[in-house]
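In this note's numbering, the protein residues as written are 212 to 304.
Report on the structure given below.
Right under this line is the structure:
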């Protein structure tokens, strides 16, 4: 889901204001996440917009691209990013 609106401090404050006692928040979709998103989502969609014939090519593309995208996503959620386009939030009642 893509939506501008919450920065990390806003989401922490909203959680605390709504009764959560502890909040951990960090950015996701740093550099590895952005590259993974391009490999796994953006480029395949652009290919399909160019021609529906890419439906034939995409399974072979994903055989190569998926393992790379998976490793990049795994690295992204394990890293600490100073900024990013997503937030990972864990809150306790």
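We treat Cβ as the ideally placed atom computed from N, Cα and C, and that holds for glycine.
{"Item": "Whole runs of the alpha helix (DSSP H) within the stretch 213-253, excluding any shorter than 4 residues", "Value": "219-228, 242-248"}
{"Item": "Proximal residues to residue 227 (C-beta, below 7 Å), its chain only, five neighbours per side dropped", "Value": "234"}
{"Item": "Rounded separation between residue 212 and residue 296 - CA only", "Value": "With a pLDDT of 46 at residue 212, under the threshold of 50, the predicted position of this residue should be treated as unreliable, and no value is reported."}
{"Item": "Short Cβ contact (8 Å threshold) for residue 288 with residue 239", "Value": "yes"}
{"Item": "Residue range of the unbroken beta strand (DSSP E) whose run includes residue 298", "Value": "297-303"}
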